[in-house]
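Chains as they are written, first to last, in our numbering: chain X, 15 to 199; chain P, 15 to 199. Think of the CB as a built atom: it goes at the ideal place given N, C-alpha and C, for glycine as much as any other residue. Structure first, then comments.
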DNA sequence: GTCTATACCGCGATAGAC
DNA sequence: GTCTATCGCGGTATAGAC
């Protein structure tokens with residue numbers, strides 16, 4: 015939901031949501047027993063979307079750097095298409111676990127461990143330079159998310175629209191190039 | 015302020031703050047005309063602290079990779095000492111400019127541009143591999159901040175305390191090593 | 001299912017006694 | 001400077017008419 019992403023959980027009232035949907039506040043509470051539950055369902059929906067999209071990329075048959083690039087691009091595309099969602103996830107991570115039904119970390123964990131195994135394999139094979147795979151993945155996740163979650167900050171710093179096509183292309187190119195430089199030199 | 019960092023602006027009431035300080039809500043409003051102003055002063059104080067600390071590192075007389083490492087370490091130290099502050103900044107970036115007196119971006123801009131010039135110089139000299147300096151800085155900022163701002167997420171993913179001494183050391187080592195690999199191979 | 005009406009609470013903020 | 005008392009507003013949630 016756009017509103018939760020832009021204004022946070024506490025900053026979004028049921029009135030705001032109802033107004034956006036076009037019904038009354040009470041009618042909203044007829045479908046969802048409480049605000050927390052509504053938020054939880056919205057969030058869960060988005061997490062599963064993300065998970066599905068990432069999963070498609072992860073099972074790509076590429077190997078070595080090509081596979082890493084496919085996954086990076088898939089993540090970038092999804093975040094670019096769902097910048098609101100990035101803000102929502104960041105807020106959830108910031109808030110810790112408050113008013114959060116599902117634990118994102120545990121949902122993502124299987125895929126995370128699979129990625130770790132992939133990097134360990136490639137590093138052992140000498141395809142990639144040695145780095146701690148878990149740290150590497152968190153650095154990558156931070157590099158992808160920060161551009162979108164801190165868009166307002168980036169805009170102030172660079173005087174560009176971070177979500178415009180040119181800026182997105184430049185950001186994508188940099189992230190890919192940067193990780194390639196660090197991993198395969 | 016710890017509360018703003020943990021619960022956000024909307025999530026923190028004047029009652030909470032007053033309780034922490036040990037006075038009544040009204041007494042708080044005697045010192046600060048409004049909640050926004052209180053928040054603004056807290057935030058401004060922290061920004062200037064950060065700025066001062068970064069400034070010390072930036073004027074270090076080192077050159078090439080050594081200087082980059084000094085600055086990275088200074089940033090890491092400050093964030094490790096003020097993890098709450100990281101959360102506050104992230105929230106500010108997420109909220110855009112709402113209820114924000116000072117614009118962080120414009121405050122940081124002079125130092126940002128100075129850093130850009132430094133990287134351009136080193137890249138032209140061949141000390142560093144070629145990357146877009148602005149993108150590089152934002153990637154670095156994201157790599158440093160995300161560990162602290164998303165600590166709850168990291169904890170769920172790695173089953174460690176991200177702010178414990180061992181985890182901090184490992185994170186610092188990785189970030190330094192990763193950027194060195196990308197920049198100087 | 002969606003509405004109106006309403007109860008109840010906590011918020012930010014003001015006024016005035018001490 | 002700090003308190004109590006109070007206002008007005010907007011929040012979640014419930015009950016009942018249609």
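Euclidean distance between Cα positions of residue 133 of chain P and residue 125 of chain P: The sequence position of residue 133 of chain P within the second chain is 119, counting from 1. The sequence position of residue 125 of chain P within the second chain is 111, counting from 1. Between residue 133 of chain P and residue 125 of chain P, the C-alpha separation is close to 12 angstroms.
Residue 149 of chain X versus P:157, P:86 and P:150, residue with shortest Cα-Cα distance: Locating residue 149 of chain X in the first chain gives position 135, counting from the first residue. Nearest of P:157, P:86 and P:150 to residue 149 of chain X, Cα basis: P:157.
The segment 21–41 of chain P / the segment 155–172 of chain X touching (three or more Cβ pairs under 8 angstroms): no
Given residue 56 of chain P as reference, the closest of P:33, P:18, P:67 and P:90 once Cα atoms are compared: Here residue 56 of chain P is taken as the residue at index 42 of the second chain, counted from 1. Cα-wise, what sits closest to residue 56 of chain P is P:18.
Short CB-CB distance (under 9 angstroms) between residue 141 of chain X and chain P: On the first chain, position 127 is the one that residue 141 of chain X refers to. Taking Cβ atoms only, chain P never reaches closer than 9 angstroms to residue 141 of chain X, which makes this a no.
CA-to-CA distance, residue 131 of chain X to residue 192 of chain P, given in whole angstroms: By one-based count along the second chain, residue 192 of chain P stands at place 178. By one-based count along the first chain, residue 131 of chain X stands at place 117. Computed Cα separation, rounded: 19 angstroms.
Positions along the segment 143–162 of chain X whose CB lies within less than 8 angstroms of some CB in chain P: 143, 145, 146, 148, 149, 150, 152, 153, 155, 156, 157, 159, 160 and 161
Endpoints, alpha helix (DSSP H) assigned at residue 137 of chain X: Working through the first chain from its first residue, we reach residue 137 of chain X at position 123. Unbroken alpha helix (DSSP H) run through residue 137 of chain X: 118–138.
Spatial distance of residue 16 of chain X from residue 110 of chain P (CA atoms): Start at 1 with the first residue of the first chain, and residue 16 of chain X comes out as number 2. Start at 1 with the first residue of the second chain, and residue 110 of chain P comes out as number 96. So the alpha carbons of these two residues sit roughly 14 angstroms apart.
Test: residue 17 of chain P CB closer than 9 angstroms to a CB of chain X: Here residue 17 of chain P refers to the residue found at position 3 of the second chain. Output row for residue 17 of chain P: interface = no.
Buried or exposed by the 16-neighbour rule on C-beta atoms within 10 Å, applied to residue 82 of chain X: Within the first chain, numbered from 1, the residue matching residue 82 of chain X stands at position 68. Buried: at least 16 other Cβ atoms inside 10 Å.
Cβ of residue 92 of chain P within 9 angstroms of any chain X Cβ: Position 78 of the second chain, counted from the start, is the residue given in the question as residue 92 of chain P. By this cut-off, residue 92 of chain P is not an interface position.
Cutoff 9 angstroms: residue 195 of chain X Cβ touching any chain P Cβ: Numbered from 1 along the first chain, position 181 holds the residue referred to as residue 195 of chain X. True, the Cβ-Cβ gap to chain P drops below 9 angstroms.
Interface partners of residue 120 of chain P on chain X, CB under 8 angstroms: Here the question's residue 120 of chain P lines up with position 106 in the second chain. Per Cβ cutoff of 8 angstroms: 170.
Three-state class that DSSP yields for residue 51 of chain X in the structure shown: Along the first chain, one-based indexing puts residue 51 of chain X at 37. DSSP places residue 51 of chain X in helix when its eight states are reduced to three.
Cβ neighbour criterion (16 or more within 10 Å) applied to residue 166 of chain X: Indexing the first chain from 1 puts residue 166 of chain X at position 152. Buried, by the Cβ-count rule.
Residues from the segment 47–59 of chain P in contact with chain X, defined by Cβ distance under 9 angstroms: none
Contacts of residue 24 of chain P in chain X (Cβ-Cβ under 7 angstroms): Working through the second chain from its first residue, we reach residue 24 of chain P at position 10. By Cβ distance, chain X contributes 22, 24 and 25.
Coarse secondary structure for residue 24 of chain P, derived from DSSP in three states: For the purposes of this step, residue 24 of chain P is identified with residue 10 of the second chain, where counting begins at 1. Residue state, collapsed to three classes: coil.
Option nearest residue 78 of chain P by Cα separation, candidates P:99, P:40, P:59 and P:129: For the purposes of this step, residue 78 of chain P is taken as the residue at position 64 of the second chain. Cα-wise, what sits closest to residue 78 of chain P is P:129.
Cβ separation of residue 151 of chain X and residue 102 of chain X, assumed to be a contact under 8 angstroms, to the nearest whole Å: As a first step, residue 151 of chain X is located in the first chain; it is residue number 137 there, counting from the start. As a first step, residue 102 of chain X is located in the first chain; it is residue number 88 there, counting from the start. The pair is not a contact, with the Cβ atoms about 20 angstroms apart (cut-off 8 angstroms).
Proximal residues to residue 190 of chain X (C-beta, below 8 angstroms), its chain only, five neighbours per side dropped: Residue mapping note: residue 190 of chain X aligns to position 176 of the first chain, counting from 1. Here the set comprises 83, 86 and 87.
Min CB distance residue 166 of chain X to chain P below 9 angstroms: Here the question's residue 166 of chain X lines up with position 152 in the first chain. Yes, its Cβ sits closer than 9 angstroms to a Cβ of chain P.
Where the alpha helix (DSSP H) through residue 179 of chain X begins and ends: Taking the first residue of the first chain as position 1, residue 179 of chain X is located at position 165. Start and end: 179–198.
When P:49, P:187, P:32 and P:104 are compared against residue 20 of chain P, the one with the closest alpha-carbon: By 1-based counting over the second chain, the position of residue 20 of chain P is 6. The shortest Cα separation from residue 20 of chain P among P:49, P:187, P:32 and P:104 belongs to P:104.
Exposure of residue 89 of chain X, with buried meaning 16 or more beta-carbon neighbours within 10 Å: Here residue 89 of chain X refers to the residue found at position 75 when the first chain is read from its first residue. By the 10 Å Cβ count, residue 89 of chain X comes out buried.
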